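Residue numbers (the numbering used here): 293 to 495.
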Amino acid sequence: MTWEESTRQKMLHLKLPTDPRWVEIAEMQIEDILVDHAYCEQKAASSCISLILRFNDLDELVDTLTPIVAEEWGHFERVLEQLRKRRMKFGFPRKDEYVTKLNEFVKKGGNRWQQLTEQLLMNALIEARSCERFKLLSKNIRDEELQKFYYELMISEAGHFVTFIELAKKYQDPDKVNVRWREWLVYEAEVLKNMEIRGDRMH
Ligand SMILES: [Fe+2]
Ligand SMILES: [Fe+2]
């Protein structure tokens with residue numbers, strides 16, 4: 293099985309494919325996309341740091357997420373480099389409606405393991421959707437350097453997706469994780485369906 297086939301099986305769990313019009317408008321607003329993307333990488337790094345601090349006693353989690361922080365920060369640096377090269381401005385962060393909506397679905401309360409599952413599944417979902425969007429960019433935009441750039445990042449985020457799911461199943465009954473994962477997928481599709489398609493947001 294090729295990498296693409298196995299990833300499609302593992303990840304395109306996603307219930308709703310991105311509207312193909314998104315990539316067209318994203319290409320026209322690539323500066324906005326790159327700025328938003330840079331902040332996505334920053335948030336990915338920050339969210340791993342928060343997990344490390346909150347679950348500092350879980351050795352495997354700390355050891356798995358620490359290199360991911362470095363990787364996400366490396367992605368941030370690479371997005372910044374793409375902006376600089378094009379003489380584009382690294383603007384302010386945008387309101388992240390997608391992540392705000394996902395946060396609303398996080399179950400409050402429950403024990404520590406349930407809270408950890410929620411966070412890991414939310415991270416996995418953001419990785420999965422980012423991976424899908426990077427794939428669309430890599431296949432459809434005309435800028436060859438960005439095609440290659442998004443292809444590489446797609447592979448990296450697919451790896452993170454798998455890691456988050458595996459970590460969730462390490463610290464919680466895998467059957468429970470699967471049940472909750474399906475709920476997250478349904479919810480995420482609903483969120484996307486109700487969101488306006490914008491060319492200035494990665495999600
Ligand atoms: Fe990343
Ligand atoms: Fe990632």
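For glycine and all other residues, C-beta sits at the position ideal for the given N, C-alpha and C. All values reported here derive from a predicted model rather than from experimental measurement.
*asked:* Within 10 Å of its beta-carbon, does Leu345 have 16 or more other beta-carbons around it, so buried, or fewer, so exposed?
replied: On the sequence shown, position 53 is the one that residue 345 refers to. Its Cβ having fewer than 16 others within 10 Å, Leu345 is exposed.
*Contact between the region 379-394 and the region 429-449: three or more CB pairs below 8 Å?*
no
_In this structure, how does DSSP classify Pro466 when only helix, strand and coil are distinguished?_
Numbered from its first residue, the sequence shown carries residue 466 at position 174. In this structure, Pro466 counts as helix in the three-state DSSP scheme.
*Glu488 - containing alpha helix (DSSP H), residue span*: On the sequence shown, residue 488 is found 196 positions in, with the first residue counted as 1. Looking at the DSSP string, Glu488 is not in any alpha helix (DSSP H), and its letter there is neither H nor E.
*Residue nearest to Gln411 in terms of C-alpha spacing, selected from Lys485, Ser342, Pro309*: Looking up residue 411 in the sequence shown gives position 119. Comparing Cα positions, the closest option is Ser342.
*In three-state terms, what does DSSP make of Val398?*
Indexing the sequence shown from 1 puts residue 398 at position 106. The answer is coil: DSSP assigns Val398 none of H, G, I, E or B.
*Specify, as a first and last residue, the run of the alpha helix (DSSP H) that Asp351 falls within.*
Here residue 351 corresponds to residue number 59 of the sequence shown, with the count starting at 1. It spans 351-377 - the alpha helix (DSSP H) in which Asp351 sits, taken as one unbroken run.
*asked:* For the region 362-381 against the region 469-487, do three or more pairs of beta-carbon atoms, one drawn from each stretch, fall closer than 8 Å, so that the two count as touching?
replied: no
_Outcome for Gln464 when other beta-carbon atoms lying within 10 angstroms are tallied against a minimum of 16_ = Residue mapping note: residue 464 aligns to position 172 of the sequence shown, counting from 1. Buried is the call here.
*Give every residue whose Cβ lies closer than 6 Å to any heavy atom of ligand 2, listed in chain order.*
Ala336, Glu364, Glu419, Glu449, His452
*Report the rounded CA-to-CA distance for Asp311 versus Val398, giving the unit in angstroms.*
Counting from one through the sequence shown, the residue named residue 311 turns up at place 19. Counting from one through the sequence shown, the residue named residue 398 turns up at place 106. Between Asp311 and Val398, the C-alpha separation is close to 25 Å.
_Would you say the beta carbon of Leu445 is closer than 7 Å to some non-hydrogen atom of ligand 1?_
The residue labelled residue 445 in the question sits at position 153 within the sequence shown. Indeed, a heavy atom of ligand 1 lies less than 7 Å from the Cβ.
_Reference Phe382, options Glu389, Leu413, Met320, Gln334, closest by Cα_ = The sequence position of residue 382 within the sequence shown is 90, counting from 1. Selected option, being the one with the closest Cα: Gln334.
*Backbone CA spacing between Ile418 and Arg425 [nearest angstrom]*: What you label residue 418 is simply residue 126 of the sequence shown in a count that begins at 1. What you label residue 425 is simply residue 133 of the sequence shown in a count that begins at 1. Cα to Cα, Ile418 sits roughly 11 Å from Arg425.
*asked:* Distance check for Asp349 and Ile317, CA to CA, integer angstroms please.
replied: Translated into the one-based positions of the sequence shown, residue 317 becomes position 25. Translated into the one-based positions of the sequence shown, residue 349 becomes position 57. Roughly 45 Å between the two C-alpha positions.
*Could you name the residues of the same chain whose beta carbon sits closer than 7 Å to that of Asn415, not counting the 5 residues immediately before and after it, in chain order?*
Within the sequence shown, the letter at position 123 stands for residue 415. Correct list, in chain order: Ser339, Phe456.
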